[in-house]
Amino acid sequence: MKCSFTYDHYREILQLFRNEGYKTVSFSSFKPKEPYQLILRHDIDFLGINLSILTDLEMKIGFQSINHFLMTSEVYNINSLAVKSLINRLRKNGHHLGLHIDPTLFSLYSSKQELQNEFKNLINIANIYLGPLDSYSFHRPAIIGTNKDLFPENFPFQVPKCAYSDEFTKSMIYRSDSRREWQNGCICQEIKDLDGRSLQLLIHANWWDLEEINREQNLKNYVNTHLRLIKGYLANNLSFLLESKISLKDFFIG
Ligand SMILES: [Zn+2]
Ligand SMILES: [Zn+2]
């Protein structure tokens, strides 16, 4: 088995977990102290075809993941037809939905009251678009540091489970492919040695590809795909564009 960020290797990783006897659970159905629970979380920073490919692989193996979407993304629109269709498909296939939160959003607010109101609004809006939320996570959590304002125990109202609460991080094994790097080596190498201990595994679907390519090429493909989408959007909406001498290259590259 060769380690890579490919769909094939992702399938192998899932199979290893299944062969060891793991089952996937959501944050809200996780039972403390029970072994063989895998919390399989996806933070959706960038959105491409990769997410539906990985989640389909999970479904085929009998696994469900928890998919945390940003409500405030600059690069995908939670209310667009394409993203709505994806969310419906995830839900139909038994996957869970949650909220990915960029903590820098809250830097605008000066008082704790304002911050809590804004957080409540965000959860309410997410409930409309995503349905009942299993949990939430932070984008680039290092930004939060020791600031505990955004953790569930500090709200005077009920909020979903937080992926960064101690029970899901300090009290259990936590592994992540953040930055497309495994801090402890590829997770496949560790599965046998876990001896059934429960864990949280964070996978960013955007890092995984059909072929083995490097991180820079992965990002280049992402940018090129979006460029094609924007060009398609402009061509569909501006009838003069095809006949005109306007070069799209001038729009984007100068
Ligand atoms: Zn591996
Ligand atoms: Zn993120």
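Residue 11 in numbering that gives the first Met the number 0 sits at position 12 of the sequence shown; the count goes up by one each step and never skips.
Positions of the beta carbon are idealized from the N, C-alpha and C atoms, including for glycine.
Is the beta carbon of residue i within less than 7 Å of some heavy atom of ligand 4?
i, result
"H94", "By its list of ligands, the structure shown excludes ligand 4, since it contains just ligand 1 and ligand 2."
Determine the contact status of residue i and residue j, defining contact as a CB-CB distance below 8 Å.
i, j, result
"R196", "P34", "yes"
"W207", "Y75", "no"
"F254", "I202", "Absent from the model: residue 254. The displayed extent of the chain is 0 to 253, so no value can be given."
"Q142", "T168", "A small fix is needed here, since residue 142 is Ile in this sequence, not Gln. Going by C-beta atoms, I142 is not nearer than 8 Å to T168."
"Q14", "I48", "no"
"S64", "L85", "no"
"A204", "L50", "yes"
Using C-beta distances below 8 Å, list every residue in its chain close to residue i, excluding the 5 sequence neighbours before and after it, in chain order.
i, result
"N120", "none"
"K111", "D148"
"H138", "D42, D44, L69, H99, I100, D101 and P102"
"I172", "L193, R196, S197, L198 and Q199"
"C187", "M0, C2, H8, E11, I12 and L15"
Where does residue i fall in DSSP's three states?
i, result
"T23", "strand"
"Q199", "strand"
"I60", "helix"
"L69", "strand"
"I212", "coil"
"H94", "coil"
"D42", "strand"
"I229", "helix"
"I77", "coil"
"N235", "helix"
"I12", "helix"
"I100", "strand"
"L240", "coil"
Leaving out five residues on either side along the sequence, give the residues of the same chain with a beta carbon under 7 Å from the beta carbon of residue i.
i, result
"N92", "T54 and M58"
"E211", "S3 and T5"
"E166", "P31"
"F150", "C161 and S164"
"E73", "none"
Which same chain residues end up closer than 6 Å to residue i when comparing Cβ atoms and leaving out the 5 residues on each side of it in sequence?
i, result
"S27", "D133 and K160"
"F251", "Note that F251 scores a pLDDT of 46, beneath 50, so its modelled location is shaky; the value from the coordinates is reported in the next line. The answer is none, since no qualifying residue turns up."
"K30", "none"
"S25", "I65, H95 and D133"
"Y128", "I77"
For the 8 Å Cβ check, are there 3 or more pairs between the stretch 62–70 and the stretch 95–106?
The stretch 62–70 is in contact with the stretch 95–106.
Inside the stretch 133–183 only - beta strand (DSSP E) runs reaching at least 3 residues
Segments of the beta strand (DSSP E) lying fully in the stretch 133–183: 134–137 and 172–175.
*Using 8 Å as the threshold, is the stretch 130–150 in touch with the stretch 159–169, meaning 3 or more CB pairs across them?*
A contact exists between the stretch 130–150 and the stretch 159–169.
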